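Residue numbers (the numbering used here), protein chains in the order written: chain E, 29 to 324; chain G, 152 to 457; chain Z, -19 to 413. Backbone N, C-alpha and C fix where the C-beta goes; we use that ideal spot for every residue, glycine too. Since the structure is predicted, the reported quantities are computational estimates derived from the model, not experimental observations. Remarks on the structure that follows.
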Amino acid sequence: MTAGHRERHGDRAERRRMPGRGRTPRWRLLLRYLLLLAVLALTVGPFLWQLSTSLKGPGEDIYRYPPSLIPGHLTFGNYAGVAEIIPVWDFALNSLKVAAANVLTNCAGAALAGYALARMRFRGRRTALVVFIMAMLVPVESIMIAQFVTMRELQLNNTLIGVLLPACIGAMNVLLMRNAFAGLPYEVEEAAFVDGANAWQRFVRIALPSVKGTLAVVAIFAFMGAWDDFLWPLIVLSDQSKFTLTVGLNFLHGTFADNQRLVAAGTVIAVLPLIVMFACLQRYFFRGVGEGAVKG
Amino acid sequence: MQPTAQDGLRMPRTVRRIRTHLPSSPWLFLTPGLLIVGGFSLYPFVSTVVNSFTDARTLIKGRFVGGGNYQELIHDAMFWTGLRNSLVYVLGVVPLLVILPLLLAMLVQRQIPGITFFRAAFYTPVVASVVVVGLIWVWLLDDRGLINALLETVGFGKVGFLSDPWLLLLSAMAVTVWKGLGYYMIIYLAALANVPRELHEACAVDGAGVVRRFLTVTVPALRSTMVLVGALSAVNAFKVFSEVYLMAGPTGGPGGEDTTLVMLVQQVGTGLSGRVGYAAALSVVVFVITLGLMLLVLRANRREDA
Amino acid sequence: MRTSMRRSRSAATATIALASALALAACGAPDGSGGADSASGKVEGQVVFQTWNLKANFKDYFEGLIADFEQKYPDAKVKWVDQPAEGYPEKLSADAAGGTLPDVVNVSPDLAYPLAKAGMALDLEKSAGKYRGEYLDGAWKSNEMPGMKGVYAFPWYLNTGPMFYNKELFRQAGLDPAKPPTTYDQLFRDAKSMAEKSGRKMAMLASTPSIEDFGRYGVRLMNPQGTEFTFNEPKGVELLQHYKELYEAGALDSQALTAKAESAGRKFQQQAVAMNPGSALDLENFRKEAPSLYKNIGITDAVNNTGKANMYVQGLMVNAQSEVKPAAVAFAHFVTDKKNQMAFAKEVTIFPSTKGSLDDPYFTEQDGTDATRVRVASAKSLENAVNYTPVLLSDQMKTVLRNAVARAVQGKQSPKAALDGAVAECNRLLKTG
């Protein structure tokens, strides 16, 4: 069950041996793959459909019933078409800036707050926790205009910082980090305390490396949140040169005629970075507390 | 036995000493977070609360109407429909979202060839755009869609997934669960990595089966995470909007029977002539109920702990 | 339809928007004051001009337009911003609240109304009344606001459309594909016979009646003063009764009760329903997206009892708080003048709202193609077309009506009771506003 840990040992021989490991009968592995394939069919369907639409040439019936997944005239023209209609790379760069900053601020801010809530004892800890819980529950829709007015007072409307600021430390991420820190064994930090490490040192050197998995989760959520957000950037930004990708891609919905193929191509462009990001970060999910903490 | 104590109650004494060591530092750790959530979530929400006592429109400043909006809400049949649907949604979705993503996480946790691909693939529903997801599910569940075509060939006959109010709500729940699988899966994955391997191995040596190991090792070790996932999914389910909107249309099903509370907030409050005051009152109710849900779950968790 | 499509798509965002009016105090000058004087000064300064999702496809047209204007008025500059399709009302709400509304704003009458009511739209009857004669009467009047004196936006481009029908489905149902229904009686009869012949497998229409269908049927929607809704009059009940029968017979798509403009269009493109309203622009869409439907497409006039087609109007509003009012008014007029609207109409199949433009050969002469046939027919129907949808009918009221219609069609309430309830609720909402 926890074979994932083996990955970090980097023992290639062991890893290669694994599928046929003595304790795991072959049929079990087969069952596992069958299950994986079943879930796969369920989860990637929509994405394939979108991918296929984006590759269909003009004149193909995209509303055909029953629908066909294989494009008749395979073309990448729709992707070029997207770039022709809107400055898609500029938009993507803006999005990337906001999303990257959002990852940094969320990881740092949520880790700090989460650590304090989980590992420090002070008056007002419960209150602080409730403040974060309440913040998480505020219906965003109801405060958007008030937020915009605040941004304007701060002279941050029509800037990417204005887009970033309200969600740059998400309350939910704080709760996730708190949960992760709370799960760490106390013995580890105790040892460091005996060694004379102060709270900062314990946080940076011991606690933080032990929760890499949750940090990766926060990073993904933060990136995705900033990357996908539509309404807030739309409201804050006025100049097209500052638009983020989600806002910019909306221009593909023509006023007079929708080109579904372009819209589909746009969707694929928007989703790919997220999947790549996930594929890159996923290995951190398997490097949790077992590592730093127990060894230390 | 478990080294994962959640609270100060069970902390060893030395740990308490650590905590009192630097009295000023907790606030140093907390300040950035508190500033952001205070300044950009809680402070603006105060104006929502104030608005809920006025008859404000989107572009027109309201007059004070006392509890008028709340009174109207109690007599608004749509409010009760919305409340019912939102609660039904929580009850239907939360158990599945606590269990299924955990099983999925355990399925992909093991390092076997090709697993990276599967993990990324299972995450795609989370990143796929809601509108696309809506389209595909509507196409699947449509009267002339794939699922109905299958049901007809096996002689079951058509099912009005998208025309019957209850089936519509169920269909929307299915989409929520489907989209939530990957989302909560990664929270579980991160937490699963924390389960000491030694425990599993000890168990395996005892000859415990997969199911028993799951119940005696994994579940207790992940309890706090399961509670967190339960709380998060409950809040999200209560505030459901997109799935119902996409499946049941902007009116929330035939005659509005599938309207959820947040859909109602949107119907009432959006647009340039939105009734901001009334929508604010609805928002405050949503806030209070979700806060109640959240505290309830956390309290229940603590009581079991003690 | 375009307008409604954009509106509904705006709501289709996953996120939802809810405005807070708290911050409005700062910028709520009570009426579009300033009047003729401030609008008739020197044309100078920078005008911020906001369009609604037009940049992607008409960049060259607008850049040329702006260059022409700046050449004509060397002291004036135009900064053009374009907003995407979704979330437009939310963007306007935030800008109105934050005092950042552009000087010239692309609005439809239903968006102009709340802005005018909040004193943010300039009364053009006062400031630009001299231009009135240049526009079609119906178009100019479409931006009159009940309960207020004046007109609050220059009429810009218009749209209207025929009914499209699927000849193949007509054939399969034993109907003559050359004789589409031209009256409501024929429409209802054909729909029922189609459902019957196909064993309820084929539906004629994809959605239940909306407010404009009531208007087209000849139902009086509001009293003349614009203070009360009246669509529960016997004629309205009669229309709803017909739809109830259609639904029972299976002549409406089974998902008609939850349909929106896009989903109805999709049903038609998937050839699941036989008739759907559209516009001249859809024809090109069908050709590209659904070629097998395009082969069998039939085009006919939308049925009405009033002799007046429905039209959709886009307009240009001038911000009442603009600091460059003379230039803003001049530019809004410039964009909507006869020459520039005509040029725009040649870019894409929309219709100018200026007098005489529709007499241009482009809108009167056939060339044998379907596209031209639709364009000519639409232009003809626009001469006396009206915008049936009352500007006072807010989104929430539209939902009230749709829910009432759904209840009646399902037989949960009688048509009369459902409409009475809807009218009472809409009137209540009207009064609280």
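| Asked | Found |
| --- | --- |
| Using only the alpha-carbon positions, how far apart do E:F150 and G:S176 sit? | 10 Å |
| Counting only Cβ pairs nearer than 9 Å, list the residues of chain E close to Z:G67. | F258, L259, L262, I263, V275 and N278 |
| Along the alpha helix (DSSP H) that carries E:Y107, what are the first and last residues, could you check? | G105 to I113 |
| For the beta strand (DSSP E) holding G:F215, just list the boundary residues, first then last. | Note, G:F215: premise wrong, no beta strand (DSSP E); not H, not E. |
| Under 8 Å between C-beta atoms, does E:Q268 make it to chain Z? | yes |
| Should G:G243 and G:M336 be called a contact, given that it needs their Cβ atoms to be closer than 8 Å? | no |
| Where does Z:G179 sit, in a helix, a strand or coil, going by DSSP? | coil |
| Compute the beta-carbon to beta-carbon distance between G:F230 and E:P194, rounded to the nearest angstrom, for a pair I have assumed lies under 8 Å. | Actually they are not in contact, since the Cβ atoms of G:F230 and E:P194 sit about 29 Å apart, beyond 8 Å. |
| Going by DSSP, what residues sit across from G:W317 in a beta bridge? | Per DSSP, none; premise fails for G:W317. |
| Within the 8 Å Cβ cut-off, does Z:N290 reach chain E? | no |
| In chain E, which residues lie less than 7 Å from G:I337 when you measure between Cβ atoms? | V245, I248 and F313 |
| May I ask which residues mark the beginning and end of the alpha helix (DSSP H) holding G:T285? | Per the sequence presented here, residue 285 of chain G reads as Gly, with Thr not at that position. V281 to L292 is the span of the alpha helix (DSSP H), which, as asked, contains G:G285. |
| Identify the contact partners of E:G282 in chain Z, using a Cβ-Cβ distance below 7 Å as the criterion. | A36 and N37 |
| Would you check if the stretch 130 to 144 of chain Z and the stretch 286 to 296 of chain Z touch, i.e. whether three or more CB-CB distances between them fall below 8 Å? | yes |
| Out of curiosity, what's the CA-to-CA distance linking G:M414 and Z:S374? | 16 Å |
| Listing by chain order, which chain Z residues have their CB less than 9 Å from the CB of E:F75? | Ordered by position in chain Z, no residue passes the 9 Å Cβ test against E:F75, which lies about 17 Å from the chain. |
| Taking all protein chains shown into account, decide if E:F104 is buried (16 or more other Cβ within 10 angstroms of its Cβ) or exposed. | exposed |
| Mapping the DSSP letters down to three states, classify Z:M174 as helix, strand or coil. | helix |
| Does the Cβ of Z:K35 have 16 or more other Cβ atoms within 10 Å, making it buried, or fewer, making it exposed? | buried |
| Is Z:D11 close to chain G, meaning its C-beta is less than 8 Å from at least one C-beta of that chain? | Because the pLDDT at Z:D11 is just 40, under 50, the model does not fix this residue reliably, and the value given afterwards should be weighed accordingly. Not an interface residue. |
| Spatial neighbours of G:V282 within its chain, please: C-beta separation below 6 Å, excluding the five flanking residues on both sides. | none |
| What residues are listed by DSSP as bridge partners for Z:D62? | Z:T31 |
| Listed in chain order, which residues of the stretch 414 to 426 of chain G have Cβ atoms closer than 9 Å to some Cβ of chain Z? | M414, V416, Q417, Q418, V419, G420, T421, G422, L423, S424, G425 and R426 |
| Can you tell me whether Z:A56 is helix, strand or coil according to DSSP? | strand |
| Hey, how far is the Cα of E:N185 from the Cα of E:K125? | 17 Å |
| Output the residue ranges of the alpha helix (DSSP H) runs that lie fully inside the stretch 212 to 258 of chain E and measure 4 residues or longer, sorted by chain position. | 214 to 222 and 240 to 256 |
| Comparing C-alpha positions only, which one of Z:A325, Z:M182 and Z:G195 sits nearest to Z:A236? | Z:M182 |
| Which residue from E:R233, E:A219 and E:S170 puts its Cα closest to that of G:N202? | E:S170 |
| Please confirm whether E:Q229 has its beta-carbon closer than 8 Å to some beta-carbon of chain G. | no |
| In three-state DSSP terms, what is Z:T280? | strand |
| E:G177 CB to nearest chain Z CB: under 8 Å? | Before going on, a small fix: residue 177 of chain E reads as Val here, not Gly. Yes - at least one Cβ of chain Z is within 8 Å of the one on E:V177. |
| Who does Z:N256 pair with in a DSSP beta bridge? | Z:F144 |
| If contacts are defined as beta-carbon pairs under 8 Å, then G:L320 and G:D409 qualify, I think. What distance do you get, rounded to the angstrom? | 5 Å |
| First and last residue of the alpha helix (DSSP H) that includes Z:Y342? | P341 to T344 |
| Residues of chain E with CB under 8 Å from G:M229, in chain order? | In chain order: nothing, as chain E lies at least about 17 Å away. |
| Give the residues of chain G in contact with E:C196, contact being defined as C-beta atoms less than 8 Å apart. | I187 |
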